[in-house]
Amino acid sequence: MGETAQVDFEVSGVGLWNVIRIRDRFGGYAGAGPGFDSVETLPGLINYRVRDAARHGMP
Numbered sequence: 001m002g003e004t005a006q007v008d009f010e011v012s013g014v015g016l017w018n019v020i021r022i023r024d025r026f027g028g029y030a031g032a033g034p035g036f037d038s039v040e041t042l043p044g045l046i047n048y049r050v051r052d053a054a055r056h057g058m059p
């Protein structure tokens with residue numbers, strides 16, 4: 001099953017970590033500044049509000 005075939009439309013944690021590692025390996029976060037920490041930033045990258053609104057109808 002591919003990542004886009006998920007029934008629940010949740011972000012793949014493995015896929016997200018792979019992207020972070022590859023970007024880090026090739027300097028993808030160099031412009032983010034010296035205090036940037038991808039591990040601390042990770043929870044803020046995933047926002048399910050749009051998904052939930054689409055699944056349950058907008059209020």
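Using the UniProt record's numbering, you'd call the opening residue of the sequence shown number 1 and step up by one each time.
Cβ atoms here follow ideal geometry from the backbone N, Cα and C, with glycine treated the same way.
Judged by pairs of C-beta atoms under 8 Å, the segment 24-35 does not touch the segment 8-16, as fewer than three such pairs exist.
Contact between R51 and F9 holds: CB atoms are separated by about 5 Å, below the 8 Å threshold. The closest CA to that of R21, considering only H56, V39, A53, is found on V39.
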